[in-house]
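Q: Here's a structure for you.
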Amino acid sequence: MKIGFVGLGHMGAPMALNLLKAGHALNVFDLNTQAVQSLVDAGAKAATSPKAAATDVEFVVTMLPAAAHVKSVLTGDDGILAGIAKNVTVIDSSTIDPASVKSFADLAKQNGNTFVDAPVSGGTGGAAAGTLTFMVGGSAAVFEHVKPVLSAMGKNIVHCGDTSTGQVAKICNNLVLGITMAGVSEAMALGEALGIDPKVLGGIINTSTGRCWSSDTYNPFPGVIETAPSTRGYSGGFGTDLMLKDLGLATDAAKSARQPVYLGALAQQLYQTMSTKGAGKLDFSAVIKLYRKDGDS
Ligand code: NAD
Numbered sequence: 001m002k003i004g005f006v007g008l009g010h011m012g013a014p015m016a017l018n019l020l021k022a023g024h025a026l027n028v029f030d031l032n033t034q035a036v037q038s039l040v041d042a043g044a045k046a047a048t049s050p051k052a053a054a055t056d057v058e059f060v061v062t063m064l065p066a067a068a069h070v071k072s073v074l075t076g077d078d079g080i081l082a083g084i085a086k087n088v089t090v091i092d093s094s095t096i097d098p099a100s101v102k103s104f105a106d107l108a109k110q111n112g113n114t115f116v117d118a119p120v121s122g123g124t125g126g127a128a129a130g131t132l133t134f135m136v137g138g139s140a141a142v143f144e145h146v147k148p149v150l151s152a153m154g155k156n157i158v159h160c161g162d163t164s165t166g167q168v169a170k171i172c173n174n175l176v177l178g179i180t181m182a183g184v185s186e187a188m189a190l191g192e193a194l195g196i197d198p199k200v201l202g203g204i205i206n207t208s209t210g211r212c213w214s215s216d217t218y219n220p221f222p223g224v225i226e227t228a229p230s231t232r233g234y235s236g237g238f239g240t241d242l243m244l245k246d247l248g249l250a251t252d253a254a255k256s257a258r259q260p261v262y263l264g265a266l267a268q269q270l271y272q273t274m275s276t277k278g279a280g281k282l283d284f285s286a287v288i289k290l291y292r293k294d295g296d297s
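Structural data, given as structure tokens:
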């Protein structure tokens, strides 16, 4: 299939590579020309704008930081909707708020196109391995239509319900993730302060009832999990500012639903503090620095 791809960051680049590996033809665009060049080296065609990336394709995938970026890429003069033919489907895998999804879906519909929310979980490791979980919002027919494209980038492709329910699932998942990472950080730092070897503590948690992804895959204490961002100076991975954004999405959505999110609001303040300290670009597991005596960022 011919696919346009806009947004070649930590997640988008490996996802686009997997589409190429599956035999799809890709037009790629990103503001970062180096990111574009890496994909061109792997066989993609460089586009000069989102509009150019969306020209003469069957699908367009977007993987951008936030709703404002999706809006400009979609509706700008050089945007996707300006270049796209009728009946092309736009799959947005960015994590954004459900209300924006609904407005983008309406705009696409007026243009004769379909906009599908398909945010992901699984992190950069899952993006590279092609094992992401996709949470898809749209009709059953649209879900069947996008499934072959998403299957080249993920292992679990889940139909969550109508438009925007993919984002609802994603926001709720990341609410859990932001809280568990803060919880594991608190426990690992306490263990260190009380004198236990962090590797021993990590091993115990990972075979006990405290086990979770934040502990057994992404442990925030350096050296406990060799492949975790904490072991490489909190580089790569899922940025603190992105987690802060997602907890903002959760607390905003909770406000509109008049639903309490006590721990989410507290976790949001922890990542906000990290961002204020200039650590917004570090992986979100760097939140442990708030707890460790020598961990000031
Ligand atoms: P990133 O910041 O690494 O990448 C975003 C890319 O978008 C960058 O390459 C940037 O240059 C590009 N971009 C920004 N504005 C653009 C524009 N106007 N036109 C073209 N390109 C533009 O972010 P990421 O970590 O890849 O995350 C992308 C999305 O996926 C976010 O919504 C994030 O919340 C979500 N997400 C991230 C992870 C993760 O582990 N990193 C996991 C799940 C979901």
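Numbering (the working numbering), first residue to last: 1 to 297. We put the CB at the ideal spot given by N, CA and C, even for glycine.
1) Thinking C-alpha only, which one of MET15, LEU290, ASP246 and ALA44 is nearest PRO98?
2) Within 7 Å: the Cβ of PHE115 and any heavy atom of the ligand NAD?
3) Does the ligand NAD have even one heavy atom less than 7 Å from the beta-carbon of VAL73?
4) Kindly provide the ranges of any beta strand (DSSP E) runs that are 3 or more residues long and lie completely inside the region 1 to 41, ordered along the chain.
5) Below 8 Å on the Cβ atoms is my contact criterion, and I expect LEU107 with THR55 to pass it. Report the Cβ-Cβ distance as a whole number of Å.
6) Please find out if some non-hydrogen atom of the ligand NAD comes closer than 7 Å to the beta-carbon of ASN111.
7) Using a threshold of 7 Å, is the CB atom of LEU64 nearer than that to any non-hydrogen atom of the ligand NAD?
8) To the nearest angstrom, how far is it from the Cα of LYS277 to the Cα of GLY239?
9) Output needed for VAL6: all residues of its chain with C-beta closer than 6 Å, excluding positions within five of it in sequence on either side, in chain order.
10) Between the Cα of ALA169 and the Cα atoms of THR133, ASN27 and LEU81, which residue gives the shortest distance?
11) Give the secondary structure of PHE238 by DSSP, where H, G and I count as helix, E and B as strand, and everything else as coil.
12) Can you list, in chain order, the residues of its chain whose CB lies under 6 Å from that of LYS86, leaving out five sequence neighbours each side?
13) On the premise that VAL149 lies in contact with ILE84, defined as a C-beta separation below 8 Å, what is that separation, rounded to the nearest angstrom?
14) Could you tell me the alpha carbon to alpha carbon distance between GLU226 and LYS109, rounded to whole angstroms?
15) Is HIS159 close to the ligand NAD? I mean its beta-carbon at under 7 Å from any heavy atom of the ligand.
16) Give the range of the beta strand (DSSP E) segment to which THR89 is assigned.
17) Use the C-beta contact count for ILE171: other C-beta atoms within 10 angstroms, 16 or more gives buried, fewer gives exposed.
18) What does DSSP give as the partner residue(s) for GLY154 in the beta ladder?
19) CB of ALA118 to nearest heavy atom of the ligand NAD: below 7 Å?
20) State the start and end residues of the unbroken beta strand (DSSP E) segment that holds ASP117.
21) Could you tell me whether the region 139 to 158 touches the region 201 to 221, where touching means 3 or more Cβ pairs closer than 8 Å?
22) If you reduce the DSSP assignment to three classes, tell me which class LYS45 lands in.
23) Return the chain-ordered list of same chain residues with a C-beta closer than 6 Å to the C-beta of LEU249, the five sequence neighbours on each side being excluded.
24) Counting C-beta neighbours from all protein chains within 10 Å, is the total for ASN174 16 or more, i.e. buried, or is it exposed?
25) For PHE104, does the three-state DSSP call read helix, strand or coil?
26) Run through the DSSP bridge pairs and tell me what HIS159 is partnered with.
27) Determine, using beta-carbon pairs with one atom in the region 197 to 207 and one in the region 230 to 239, whether at least three such pairs fall under 8 Å.
28) Taking the alpha-carbon positions, what's the LEU244 to ILE179 distance?
29) Below 7 Å, is the gap between the Cβ of VAL136 and the nearest heavy atom of the ligand NAD?
A: On the basis of the coordinates in this document:
1) ASP246
2) no
3) At least one heavy atom of the ligand NAD is nearer than 7 Å to the Cβ of VAL73, so yes.
4) 2 to 6 and 25 to 29
5) About 18 Å; that fails the 8 Å criterion.
6) no
7) yes
8) 14 Å
9) PHE29, PRO50, ALA53, THR62 and VAL73
10) Taking each of THR133, ASN27 and LEU81 in turn and checking the Cα distance to ALA169, the smallest one comes out for THR133.
11) When DSSP states are grouped into helix, strand and coil, PHE238 belongs to the coil group.
12) GLY112
13) Incorrect: roughly 15 Å between the Cβ atoms, too far for contact.
14) 46 Å
15) no
16) 89 to 92
17) buried
18) LEU132
19) no
20) 114 to 117
21) no
22) strand
23) ASP97 and ILE171
24) buried
25) helix
26) VAL136
27) no
28) 11 Å
29) no
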